[in-house]
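To start, the structure under review is shown below, and the notes come after it.
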Amino acid sequence: MRLIQSIIGLLLLIQASAASAVLDIEIIGAGEKQIPVAIVPMGGDPKLSQTIHEVVVGDLMRSGLFRMVDLAGKFLTEPSQVSYADWQVRGADGLAIGNVTALPNGRIEARFRLFDVVKQAELVAQAVSANDGQARAIGHRIADLIYEKMTGDKGVFSSRIAYVNRKGTSFKLLVADSDGYNEQVVLSQNEPIMSPAWSPDGSHLAYVSFETGHATVFVQSLYTNQRKVLADFRGSNSAPAWSPDGKQLAIVLTRDGGSQIYLVRPDGSNLRRISFSGAIDTEPHFSSDGQSLLFTSDRGGSAQIYRMPVEGGAAQRMTFGDGANYSPRHNPDGSGFVFAHRNNGKFYIAMQDFQTGQMELLTEGGWEKKPSFAPNGKLILFASEARGRGILATVSSDGRVKQHMFTQSGDAREPVWGPNP
Amino acid sequence: MKKLVISLVLVNLLAACASNKPAETTGGTAASGASSAGASTKAASAAQTAGDPLNDPSGILAMRSVYYPFDVDAVQDADKPVVQAHGKYLAANSNRKVRLEGNCDERGSNEYNLGLGQRRADGVKKMLELGGAKSAQLESVSYGEEKPRSSGHEEASWSQNRRTDIKYAK
Chain A
1 MRLIQSIIGL LLLIQASAAS AVLDIEIIGA GEKQIPVAIV PMGGDPKLSQ
51 TIHEVVVGDL MRSGLFRMVD LAGKFLTEPS QVSYADWQVR GADGLAIGNV
101 TALPNGRIEA RFRLFDVVKQ AELVAQAVSA NDGQARAIGH RIADLIYEKM
151 TGDKGVFSSR IAYVNRKGTS FKLLVADSDG YNEQVVLSQN EPIMSPAWSP
201 DGSHLAYVSF ETGHATVFVQ SLYTNQRKVL ADFRGSNSAP AWSPDGKQLA
251 IVLTRDGGSQ IYLVRPDGSN LRRISFSGAI DTEPHFSSDG QSLLFTSDRG
301 GSAQIYRMPV EGGAAQRMTF GDGANYSPRH NPDGSGFVFA HRNNGKFYIA
351 MQDFQTGQME LLTEGGWEKK PSFAPNGKLI LFASEARGRG ILATVSSDGR
401 VKQHMFTQSG DAREPVWGPN P
Chain B
422 MKKLVISLVL VNLLAACASN KPAETTGGTA ASGASSAGAS TKAASAAQTA
472 GDPLNDPSGI LAMRSVYYPF DVDAVQDADK PVVQAHGKYL AANSNRKVRL
522 EGNCDERGSN EYNLGLGQRR ADGVKKMLEL GGAKSAQLES VSYGEEKPRS
572 SGHEEASWSQ NRRTDIKYAK
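Taken in sequence, the protein lines are chains A and B. Residue numbering for the first sequence follows our numbering, beginning at 1 and increasing consecutively. Residue numbering for the second sequence follows our numbering, beginning at 422 and increasing consecutively.
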């Protein structure tokens with residue numbers, strides 16, 4: 001049931017301490033420029049401090065953008081103990097310190113500070129609190145603060161991911177933290193589940209379930225677990241995608257012939273068809289401004305990526321060249337899109353800029369499918385395969401840093417990165 | 422190539438029979454047919470066969486899968502007689518209903534394959550209707566690549582997974 005069990009072992013390796021543990025997360029490559037930071041374990045409750053430290057260091061390392069500076073036995077918790085010169089000598093650009101305590105009311109509170117060692121200035125002084133048992137959430141929040149202050153981009157460590165775990169004929173729709181911890185079962189059954197899609201506010205998942213005997217689109221609240229059928233017409237109902245304002249979804253129905261794209265409100269009302277081709281039109285995805293859709297279509301003879309206005313109209317072909325292309329997702333910054341590229345028997349994760357129209361492969365190729373951007377556009381989550389199993393993987397948007405996340409058992413499929421909380 | 426496909430169809434059919442009727446087919450039904458079955462079973466199956474050609478294990482209606490090349494949804498010439506025979510049978514037996522389940526190999530996105538599998542199933546449905554089956558007797562669905570019969574990453578598995586199954590309601 002639990003996903004990634006021991007990131008701890010990896011962290012110990014990274015810190016060059018003695019460790020021998022099975023790595024459930026493998027990191028390959030490094031960013032072009034890694035920011036050296038010193039993360040001092042917090043004072044206060046030692047157990048909470050350890051958990052938070054593991055999470056913060058793990059998050060920053062997985063981004064590929066940070067390098068951990070050796071603390072050389074230094075331990076400090078207060079600003080008055082900070083000697084910038086000490087940390088400049090050790091080559092740190094950033095220094096993080098703090099204290100964590102379990103409050104009498106059961107909540108956990110961490111007081112956290114981040115310093116710019118080069119400019120000799122305090123960047124953050126913040127109290128972060130969470131409910132009992134949520135120390136990891138505090139760690140993710142602190143990692144987000146460090147990431148944002150040191151790189152200028154928003155962090156994504158507090159966001160969540162959804163994916164499907166398949167084990168024989170058993171299927172589970174799961175939601176987990178961005179590092180794979182805190183896994184929650186959304187749906188468990190013996191019929192396939194595919195294409196989970198986050199509502200923009202992270203409160204609901206739309207997905208495709210075959211429990212009715214054919215592909216049916218459901219929408220489920222992650223808070224109450226209540227769900228309802230969004231589309232259950234004859235044939236296949238699939239590929240849900242939320243508009244950025246959450247007021248409608250694009251879905252794919254075969255009720256009028258082949259797979260075609262429709263818009264519908266989250267309550268199932270106002271259903272209307274927007275694509276009209278004799279081809280398979282599927283995998284719609286809204287642009288951040290809500291004005292256009294990217295989708296997959298084989299109208300040109302092979303599966304390629306197309307773009308069309310949300311309200312319908314002429315579609316423009318976006319991908320050309322050898323092979324076939326699937327599963328487009330807009331970059332949140334609007335500059336381009338990521339997709340799965342198939343050529344010569346391999347699947348690659350590829351990216352294309354709207355302006356240049358040039359395709360760039362981000363991975364070496366294998367069985368790599370279903371990419372989705374992290375909310376900040378800097379990381380891409382996708383389905384891959386290693387050791388004969390379906391796994392989750394990420395690649396940085398510059399292709400430099402890759403990460404494999406192994407589930408405990410079964411095949412991980414259909415991952416999708418959720419919004420920031 | 423054709424022979425291979427047909428023999429695969431047969432193997433699958435026999436496997437399906439075996440799983441449906443485990444009590445009757447423990448022996449060598451697959452290879453030697455009725456000769457190795459017990460006398461009573463033989464008589465019963467002969468009577469059934471006389472009553473309903475659908476139950477004849479050596480008849481064309483015993484074939485219930487059609488296979489496709491990669492990324493193709495049209496019923497291939499080799500499989501047309503099978504689909505046509507089912508169309509004729511359904512036309513003559515309006516009380517029988519079938520579910521057509523389209524499947525794909527894993528090369529493509531899950532969603533694209535769901536659409537492709539649906540087109541495969543719909544193509545068989547159309548051919549059954551041409552043969553006289555009524556729309557109300559037919560339901561076409563797709564599993565895309567979600568229910569592979571064979572899980573390997575090579576053509577031997579993929580060719581098994583690119584198919585439409587014709588499943589009669591009990």
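In this text, a Cβ means the ideal position worked out from N, Cα and C, and glycines have one as well. Treat the numbers as computed from the prediction; the structure is a model and nothing was measured.
Looking at residue 487 of chain B and residue 473 of chain B, is the spacing between their C-beta atoms short of 9 Å? no
Is residue 534 of chain B a contact residue of the ligand NAP, with contact defined as CB to any heavy atom under 8 Å? Within the structure as shown, the ligand NAP is missing, as the structure has no ligands at all.
Starting from residue 138 of chain A and walking both ways along the alpha helix (DSSP H), at which residues does that stretch end? 135-151
Quick check on residue 343 of chain A: does DSSP put it in helix, strand or coil? strand
Coarse secondary structure for residue 53 of chain A, derived from DSSP in three states: helix
Would you list the residues sitting across from residue 214 of chain A in a DSSP beta bridge? Answer by DSSP bridge pairing: none, since residue 214 of chain A is not bridged.
In three-state DSSP terms, what is residue 543 of chain B? helix
Short of 7 Å in beta carbon distance, which residues of its chain neighbour residue 354 of chain A, apart from the five on each side in sequence? Order them along the chain. 335, 336
Measure the beta-carbon distance from residue 296 of chain A to residue 311 of chain A and round it to whole angstroms, keeping in mind my assumption that it falls under 8 Å. That belief does not hold up - the Cβ atoms of residue 296 of chain A and residue 311 of chain A are roughly 20 Å apart, past 8 Å.
Identify the continuous beta strand (DSSP E) that holds residue 493 of chain A and give its terminal residues. The first residue shown for chain A is 1 and the last is 421, placing residue 493 of chain A beyond what the model contains.
What distance in whole Å lies between the Cβ atoms of residue 126 of chain A and residue 103 of chain A, which are believed to be in contact at a cut-off of 8 Å? Not confirmed; about 16 Å, so no contact.
Tell me which residues of the region 329-343 of chain A have at least one Cβ-Cβ distance to chain B shorter than 8 Å, keeping chain order. 340, 342
Could you tell me the distance, in whole angstroms, from the CA atom of residue 251 of chain A to the CA atom of residue 534 of chain B? 15 Å
Under 7 Å (Cβ pairs) to chain B, residues found in the region 163-193 of chain A: 192
Hey, residue 36 of chain A and residue 93 of chain A: beta-carbon distance below 9 Å or not? yes
Assuming residue 86 of chain A is part of the alpha helix (DSSP H), what are its boundary residues? 84-89
Output yes or no for whether 9 Å exceeds the beta carbon distance between residue 361 of chain A and residue 397 of chain A. no
With C-beta atoms as the reference, is residue 115 of chain A less than 9 Å away from residue 42 of chain A? no
Sorted by chain position, which residues of the same chain lie with C-beta nearer than 6 Å to residue 130 of chain A's C-beta, five sequence neighbours on each side aside? 108, 137, 138
Could you spell out where the alpha helix (DSSP H) holding residue 388 of chain B opens and where it closes? Since the first residue shown for chain B is 422 and the last is 591, residue 388 of chain B is missing from the structure and cannot be characterised.
List the residues of chain B whose Cβ lies closer than 9 Å to the Cβ of residue 161 of chain A, in chain order. Near residue 161 of chain A there are no residues of chain B at all, since even the closest Cβ is about 17 Å away, more than 9 Å.
Assign residue 247 of chain A to buried or exposed, taking buried as 16 or more other Cβ atoms, counted over all protein chains shown, within 10 Å of its Cβ. exposed
Tell me where the alpha helix (DSSP H) around residue 581 of chain B begins and ends. 576-582
Answer yes or no: does any C-beta atom of chain B fall closer than 9 Å to that of residue 208 of chain A? yes
Please confirm if residue 214 of chain A has its CB atom under 9 Å from at least one CB of chain B. yes
Compare the C-beta of residue 520 of chain B with all C-beta atoms of chain A and state if any pair is closer than 9 Å. yes
Hey, how far is the Cα of residue 389 of chain A from the Cα of residue 366 of chain A? 12 Å
Compare the Cα-Cα distances from residue 166 of chain A to each of A:279, A:414, A:318 and report the closest residue. A:414
DSSP beta-bridge partners of residue 181 of chain A: Residue 181 of chain A is not bridged to any residue.
Run through chain A and tell me which residues come within less than 7 Å of residue 559 of chain B, C-beta to C-beta. In chain order: nothing, as chain A lies at least about 10 Å away.
Which residue or residues does DSSP assign as beta-bridge partners of residue 585 of chain B? B:487, B:523
Ends of the beta strand (DSSP E) at residue 309 of chain A? 304-309
Short CB-CB distance (under 9 Å) between residue 568 of chain B and chain A: yes
Identify the contact partners of residue 326 of chain A in chain B, using a Cβ-Cβ distance below 7 Å as the criterion. 529, 530, 533
Whole-angstrom distance between residue 477 of chain B and residue 465 of chain B, CA atom to CA atom: Low local confidence applies: a pLDDT of 46 at residue 465 of chain B is under 50, so the model's placement there is unreliable, and no value is given.
List, in order along the chain, the chain B residues whose C-beta lies closer than 8 Å to that of residue 296 of chain A? 530, 532, 533
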